[in-house]
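J.: So the sequence shown is numbered by UniProt numbering: it starts at 1 and just counts up by one.
Even for Gly, the Cβ is constructed at its ideal location relative to N, Cα and C.
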Amino acid sequence: MDFLTVITVLIVIFALLFDFINGFHDTANAIATSVSTKALTPRRAIILAAVMNFVGALTFTGVAQTITSGITDPFELDNGLVVILAALIAAIIWNLVTWYAGIPSSSSHAIIGAITGAVIVSAGVHAIHFQGFLSILEGLLSSPVIAFIIGYIIYSIIKVIFKNSNLAKTNKRFRLVQILTASVQSFAHGTNDAQKSMGIITMALIVGGMHPTTDIPFWVQASCATAMALGTSVGGWRIIKTVGGKIMKIRPVNGVAADLTGAGVIFGATLIHLPVSTTHVISSGILGVGASHRPKGVNWGVAKRMVVTWVITLPITAALGGAIYYILDLFI
């Protein structure tokens, strides 16, 4: 087996590992509200999320193609396989650190920051496609703001519609509705998040001369969907605890509003081929709902901690990706 084949196989393995970790790191967000409101038991919520993530991951490829060619040109990337391997290792390290700390940081920010840092160290700043990179960055930064606003509006509308309803009966009904909204949000998550690894594997195949176009091979889709579904089945209780309870006390009606917000924003981004941070979107949707419900009931301290993590993820993973590339380049 030659050098290119060995590195490409390593990249596929690490990309699937990244997707697996993404499964219990990010997918936990999609089911956190339904678990915290007892709309679903943890076991059923995880099974539901795993299945819907798998289906969502097989449905679209536009985001994957954006990752493949939006940040840099894989056809002209010197030493590109080492760049991709370094980026994956950096993103995995950051995901594990933030998961251990129970902080719902962004896997999207992590992998995009890591790729950018590794490319710059490898080929210089000129190798970055700034138009594509800025459009990706714009989507990552604007989507949480949009989610906060939409969450605020949706819950405000729900409050008006059900202002004279019996609270106990309303919560019981919304608990049933939340099973549907959690399913939709998990599906939307799969349509966006799993595609990042698909794009990375396809980029590696292109750089290694094993794939002629930016089209995503079906085996790549299927393997990434499976890896994310398996990761989801493991759980992610640290993240669920933060998103589902520490931001605010979530009732079924709040959960439905937050789920609809997250699913709508994530799926909208998928349709225009933009990668977004599902972590940011879902957490911001909850914050918007909380601000509309009762601002004093939101734990703004936890929210601040999450925002700080979101802000530092891109520069830290860029530096980490560049450093790991430098080390790998010395030995490979």
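For the structure I just gave you, are there three or more beta carbon pairs, one from the stretch 88–96 and one from the stretch 121–138, closer than 8 angstroms?
T.: Taking 8 angstroms as the limit for Cβ pairs, the verdict is that the stretch 121–138 does not touch the stretch 88–96.
J.: Taking the C-alpha atoms as reference points, what is the distance between I206 and Y155?
T.: Residue numbering aside, residue 206 sits at position 206 when the sequence shown is read from its first letter. Residue numbering aside, residue 155 sits at position 155 when the sequence shown is read from its first letter. I206 and Y155: Cα-Cα distance of roughly 46 angstroms.
J.: Just to confirm my understanding: we take T214, look at its own chain, exclude 5 residues before and 5 after, and list those with CB closer than 6 angstroms. What are they?
T.: Here residue 214 corresponds to residue number 214 of the sequence shown, with the count starting at 1. The residues are Q65, T68 and S69.
J.: For V160, does the three-state DSSP call read helix, strand or coil?
T.: Walking along the sequence shown from the start, residue 160 turns up at place 160. Helix at V160.
J.: Could you compute how far the alpha carbon of V256 sits from the alpha carbon of V177?
T.: The sequence position of residue 256 within the sequence shown is 256, counting from 1. The sequence position of residue 177 within the sequence shown is 177, counting from 1. Distance between the alpha carbons of V256 and V177 is about 7 angstroms.
J.: Where do the ends of the alpha helix (DSSP H) carrying P42 lie?
T.: Sequence index remark: in the sequence shown, residue 42 carries index 42 (1-based). From DSSP, the alpha helix (DSSP H) with P42 extends over P42 to A57.
J.: Figure out for me which residue from G102, Y100 and V63 has the closest Cα to the Cα of Q221.
T.: Sequence index remark: in the sequence shown, residue 221 carries index 221 (1-based). The shortest Cα separation from Q221 among G102, Y100 and V63 belongs to V63.
J.: Rounded to whole angstroms, what is the Cα-Cα separation between A30 and F24?
T.: As a working note, residue 30 is residue 30 in the sequence shown. As a working note, residue 24 is residue 24 in the sequence shown. Looking at the two C-alpha atoms, the distance is approximately 10 angstroms.
J.: What residue range does the alpha helix (DSSP H) around N254 cover?
T.: Locating residue 254 in the sequence shown gives position 254, where the first residue counts as 1. Where N254 is concerned, the enclosing alpha helix (DSSP H) stretches over P252 to L271.
J.: Under 8 angstroms: do the stretch 107–117 and the stretch 271–285 share three or more Cβ pairs, one atom per stretch?
T.: A contact exists between the stretch 107–117 and the stretch 271–285.
J.: I need the straight-line Cα distance from A318 to G80, nearest angstrom please.
T.: One-based indexing of the sequence shown puts residue 318 at position 318. One-based indexing of the sequence shown puts residue 80 at position 80. Rounded to the nearest angstrom, the two C-alpha atoms are 16 angstroms apart.
J.: In this structure, how does DSSP classify D19 when only helix, strand and coil are distinguished?
T.: To locate residue 19, count along the sequence shown from 1; it is residue 19. In the structure shown, D19 sits in a helix (DSSP, three-state: H, G or I).
J.: Rounded to the nearest angstrom, what separates G290 and S36 at their Cα positions?
T.: Taking the first residue of the sequence shown as 1, we reach residue 290 at position 290. Taking the first residue of the sequence shown as 1, we reach residue 36 at position 36. Whole-angstrom Cα-Cα distance: 15 angstroms.
J.: Would you call the CB atoms of N53 and M228 closer than 7 angstroms?
T.: The count along the sequence shown starts at 1 and reaches residue 53 at position 53. The count along the sequence shown starts at 1 and reaches residue 228 at position 228. For N53 and M228, yes; Cβs fall inside 7 angstroms.
J.: How would you call W99, buried or exposed, if buried means at least 16 neighbouring beta carbons within 10 angstroms?
T.: Within the sequence shown, numbered from 1, the residue matching residue 99 stands at position 99. W99 comes out buried.
J.: Under DSSP, the alpha helix (DSSP H) around M203 begins and ends at which residues?
T.: Residue 203 sits at position 203 when you count from the first residue of the sequence shown. Its alpha helix (DSSP H) spans residues A194 to V207.
J.: How would you write the range of the alpha helix (DSSP H) that R305 sits in, first residue to last?
T.: By one-based count along the sequence shown, residue 305 stands at place 305. Start and end: W300 to F331.
J.: May I ask you to report which of helix, strand or coil DSSP gives A39?
T.: As a position in the sequence shown, residue 39 is number 39, starting the count at 1. Three-state result, A39: coil.
J.: Report whether the distance from the Cβ of A291 to the nearest heavy atom of the ligand HEM is below 6 angstroms.
T.: Because no ligand of any kind appears in the structure shown, any question about the ligand HEM cannot be addressed here.
J.: For a quick check, are the C-beta atoms of A204 and I84 less than 7 angstroms apart?
T.: The residue labelled residue 204 in the question sits at position 204 within the sequence shown. The residue labelled residue 84 in the question sits at position 84 within the sequence shown. It is a contact, given that the beta carbons lie within the stated cut-off.
J.: My output table needs one value for G244: the three-state DSSP class, helix, strand or coil.
T.: Numbered from its first residue, the sequence shown carries residue 244 at position 244. Confidence is the limiting factor: at G244 the pLDDT is only 48, short of 50, which leaves the residue's position unreliable, though a coordinate-based value still follows. It is helical.
J.: For R173, tell me which candidate among L271, A39, M210 and I89 has the shortest Cα-Cα distance.
T.: Residue 173 sits at position 173 when you count from the first residue of the sequence shown. Nearest of L271, A39, M210 and I89 to R173, Cα basis: A39.
J.: Going by Cα to Cα distance, which pick from G321, W310 and V82 is closest to S142?
T.: Within the sequence shown, residue 142 is the residue found at index 142, counting from 1. Among G321, W310 and V82, the Cα nearest to that of S142 belongs to W310.
J.: Helix, strand or coil: which one does DSSP assign to E76?
T.: Residue mapping note: residue 76 aligns to position 76 of the sequence shown, counting from 1. Three-state result, E76: coil.
J.: Do A263 and G285 have their C-beta atoms closer together than 7 angstroms?
T.: Taking the first residue of the sequence shown as position 1, residue 263 is located at position 263. Taking the first residue of the sequence shown as position 1, residue 285 is located at position 285. Not in contact: A263 and G285 (Cβ atoms no closer than 7 angstroms).
J.: Assign D19 to buried or exposed, taking buried as 16 or more other Cβ atoms, counted over all protein chains shown, within 10 Å of its Cβ.
T.: Here residue 19 refers to the residue found at position 19 when the sequence shown is read from its first residue. Classification of D19: buried, given that the 10 Å Cβ count is 16 or more.
J.: Three-state secondary structure (DSSP) at F60?
T.: Locating residue 60 in the sequence shown gives position 60, where the first residue counts as 1. DSSP places F60 in coil when its eight states are reduced to three.
J.: Put M228 into one of helix, strand or coil per three-state DSSP.
T.: Within the sequence shown, residue 228 is the residue found at index 228, counting from 1. If DSSP states are grouped into helix, strand and coil, M228 belongs with the helices.
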